Amino acid sequence: MLDNVVDIVDEVVVVDGYSSDDTVEIAKSYGARVFQRKPRGYVEPDRMFAIRQCNNDWVLYLDTDERLNTRLRRDLKEIIDKAIKNNYSAVMINRYNYHIKSGNFIFDAGFPDPQIRIFNKYRVEYKGIIHEFPKVHGRIMKLAPEYAIIHLVNDLTPLNKKDVIYAYVERLDHTYKRSRLYSAFTHLKPFTILSAWVILYGYFTVRQLMARKPVNIVGLMNNLRVALYKHLALLLIVTRGRKLDRIANAINEHGLIKLLEHSEIT
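Numbering follows the UniProt record's numbering, with no gaps: position 165 of the sequence shown is 165.
As structure tokens, then:
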């Protein structure tokens, strides 16, 4: 990832979760400033920390499994200059998920997966919630489809380890408006819960087809994975109890970082 950006940015900030490999040494060899923090199982708190360490007002944020495509690399500085000149607060970029094993882009219900990844750090607000879309104070500039972040995906297995961890994190920090219909699912027999999962899968896929989005086998596989993940996360949320409800509401109101700095929540 550093090869992809180091020559087109003014500085590189890396947050490492005390990795046991050569990550820190490699990052420093590129001139990066490296900060080590205890991993929490998901990236959002570390992203907020990293943004605060950046010296410049404008930030490009990438995960280690993401790359800028050729056109975005070429025009990055021009894009930021245009955003500043026209008083934009952030830039929205499509993120194309690429399945390494099959060698195909993933045309699923979420395609083209628009993301806020270039922004003025003083005009964008993150609360540290998993899978969070930031609150942008001001206008958003949307890039053409030719500009993209490429996300390299290894595992499409339903309920892989990462998905299970994320679902449990959602249980802690997501609010959810309870409905009688979904609450009823939590008290039904396993085969009925499985039916709810199939309904979710069908919803994602039909929505994709009705929007006339492209579709392929790996996209349908990912719809299946996302449907199961969403069902597990919602099931955990609606059965979590009042104490965790209060924690989730506090995180959404005040932000995770503030609570971690002023309380015993971990």
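Even glycine gets a Cβ: it sits at the ideal position worked out from N, Cα and C.
All values derive from a computational prediction rather than experimental measurement.
Could you name each continuous beta strand (DSSP E) segment of 3 residues or more that falls completely within the stretch 4-39, going from the start of the chain to the end?
Counting only runs of at least 3 residues, the stretch 4-39 fully encloses the following beta strand (DSSP E) elements, listed from N- to C-terminal order: 13-16 and 33-36.
CA nearest to the CA of residue 268, picked from LYS101, PHE111 and TYR166:
A query on residue 268 cannot be resolved here, the shown segment of the chain reaching from 1 to 266 and no further.
Would you identify the three-state DSSP class for VAL136, choosing helix, strand or coil?
strand
Residues in its own chain within less than 8 Å of ASN223 by CB, not counting five upstream and five downstream?
Cβ neighbours of ASN223 beyond the five flanking positions: ASP108, ALA109, TYR201, PHE204, THR205 and GLN208.
I need the boundaries of the beta strand (DSSP E) containing LEU72, first residue and last residue.
Counting along the chain, no beta strand (DSSP E) covers LEU72; the unbroken alpha helix (DSSP H) around it starts and ends at 70-85.
Could you check whether VAL13 and CYS54 sit closer than 7 Å to each other, using their CB atoms as the reference points?
yes
So, at 6 Å on beta carbons, what are the nonlocal neighbours of GLU264 in its own chain, with the 5 sequence-adjacent residues on each side left out?
Model confidence at GLU264 stands at a pLDDT of 43, short of 50, so the residue's coordinates are unreliable and nothing is read from them.
Rounded C-beta distance between ARG37 and VAL59? I'm assuming under 8 Å.
Taking 8 Å as the upper bound for CB-CB distance, ARG37 and VAL59 are not in contact here, some 18 Å apart.
Presumed contact (8 Å Cβ cut-off) between ILE79 and LEU156, rounded CB distance
About 31 Å separates the two Cβ atoms, so there is no contact after all.
Given 8 Å, three or more beta-carbon pairs between the stretch 17-37 and the stretch 94-105
no
For ILE130, I'd like the list of residues in its chain whose CB is within less than 7 Å of its CB, leaving aside the five on either flank, ordered along the chain.
TYR42, GLU44, TYR166, VAL169, GLU170 and ASP173
Grab the span of the alpha helix (DSSP H) containing ILE51 for me, first residue to last.
44-53
Work out the CA separation of ARG139 and GLU146 for me, nearest whole Å.
Looking at the two C-alpha atoms, the distance is approximately 21 Å.
Apart from the five residues just before and just after LYS28, which ones in its own chain have a Cβ nearer than 7 Å to its Cβ?
Answer for LYS28: VAL34, listed in chain order.
Reducing DSSP to helix, strand and coil, say where LEU143 ends up.
Coil, per DSSP.
Buried or exposed: where does ASP46 fall if 16 or more other Cβ atoms within 10 Å of its Cβ makes it buried?
buried
DSSP on ARG212, reduced to helix/strand/coil?
Correct three-state label for ARG212: coil.
The beta strand (DSSP E) spanning ILE149 covers which residue range?
148-153
Can you find the residues in the same chain that come closer than 8 Å, C-beta to C-beta, to ILE149, ignoring five residues on each side of it along the sequence?
Counting only Cβ-Cβ distances below 8 Å, and skipping sequence neighbours, we find LEU62, GLU66, ARG67, LEU68, ASN69, LEU72, ILE93, ASN94, ARG95, TYR96, GLN115 and ARG117.
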